[in-house]
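Notes to accompany the following structure.
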Amino acid sequence: MTVRCIYEDKKHQLQSTEQIHEVPKDSEFIWYDVIAPTNEEKEFLKQTFKLSTKEIESSVYTLSQPDISRNSHREARHIIAHTLVDKDFTARALGITIAGNTIVTLHHSELASVSDVKQQLLDHQLKPDAELVTLALLENIVDTYFVHVEKIEERVFSFETYNMESARNKKLMQQVFDIRAEIIKLKRILLPMEQLVDTIKAFGTFDKDSQKSQLFYDIYNQLRHETETLASCEDLTDEIKDNDQSYHTTRISKVMNVLTIISSIFFPLSFLCGWYGMGFKFMPEYDWKYSYPVFIVLAIVITAALVMLFKKKKWF
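Going from the sequence shown to the numbering used here is simple: count from 1 and add 7.
What follows is the structure in structure tokens.
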């Protein structure tokens, strides 16, 4: 467990500490960043910010979907967002509580999105404002999605260089199925986050300030663009998969057509062989000296006639 606090002192300078009791209660800006809170720290959050056990647990563990709620006791807004861990596309919960100009972030382990915003704040690249910090956190989270969405988009559009002959390549189709699996994992994170942003937009949470409103709409538009890009990539992989299936279906159809023609040619020949292969004692053809050459000529005539018939019907 770790608690890191950033606050603004009386000289309007930002200070950083890991001791909660060192933070002045009358500070104009306070940011409590709590990682894997202890029972004592959970009680502090419950008493100070009226957070429920469910809200705390959902902020530390991925127990529920991204959401926003309002605490009527202190007019606090509680947001649960999901960050994205590289490689395995695992979601990590991040709880953000805003009460006045105080912000509390709760998470289970170190998150690059949070660390980057803290550094921006300490470097004076970001104004010490709880809502601006919240928007910066959401922007960083959405940016992490964009990196993965862009990689998938590049891989999908690289398939345009393949022709239909390449569709027979098992390695190519395995790449398509791998990408589709990644798209599903990303959509499980992006779609709930899009619903969260839609809810924030409906609440008009950041509409009072033009700068915050513009930043929020940038986040909103970027997230919508990412989900639409994923949908386009999914459609393209669907087309590639369908084209591959159609290609193989056509090839199988051609093979079956050839096999059917061959079977049709050999069916009457097999019938004659079966007829004269019965070996009855009183079959007159057995005693005729021209039986064998006549049988050969008959087989050739039947074969030629069937081939000409099939060509006339354009079966091959």
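Even for Gly, the Cβ is constructed at its ideal location relative to N, Cα and C.
Bounds of the alpha helix (DSSP H) holding Ile307 are Ser298 to Lys319. Taken in chain order, the complete alpha helix (DSSP H) segments of 4 residues or longer contained in the region 47-115 are 60-67. When beta bridges are read from the DSSP output, Thr24 appears opposite Cys12. In this structure, the beta-carbon distance from Val163 to Ile186 falls below 8 Å. Across the set Arg231, Asp136, Asp251 and Glu160, the C-alpha of Asp136 shows the shortest separation from the C-alpha of Leu21.
Using a Cβ distance threshold of 8 Å, Phe323 and Asn264 count as a contacting pair.
Taking all protein chains in view, the Cβ of His85 is crowded by 16 or more other Cβ atoms within 10 Å, so the residue is classified as buried. Inclusion of Gly102 and Ser66 in the CB contact set at 8 Å is warranted, their separation being smaller than that value.
The continuous alpha helix (DSSP H) containing Asp251 extends over residues Ser217 to Tyr283. Cβ-Cβ separation between Ile13 and Leu129: approximately 7 Å, consistent with a contact (criterion under 8 Å).
In this model, Ile110 and Glu138 are separated by some 8 Å (Cα to Cα). Ranked by Cα distance from Glu233, the first of Thr151, Ala106, Tyr39 and Asp123 is Thr151. Between Ile42 and Thr69, the C-beta spacing is not below 8 Å. Within the same chain, Cβ atoms closer than 8 Å to the Cβ of Thr141 are found at Ile86, Ile103, Ile105 and Ile110, the five residues on either side in sequence being excluded. Around the C-beta of Glu62, 16 or more other C-beta atoms lie within 10 Å, and the residue is accordingly described as buried. Note on Pro73: 16 or more other CB atoms within 10 angstroms of its CB, so buried under the neighbour-count rule. Of the other Cβ atoms in all chains shown, fewer than 16 fall within 10 Å of the Cβ of Val308; this residue is therefore exposed. Given a length threshold of 3 residues, the region 181-212 has no whole run of the beta strand (DSSP E) inside it.
By DSSP's assignment, Ile42 forms a beta bridge with Thr9 and His114. In this structure, the CA atom of Glu189 is about 8 Å from the CA atom of Phe96.
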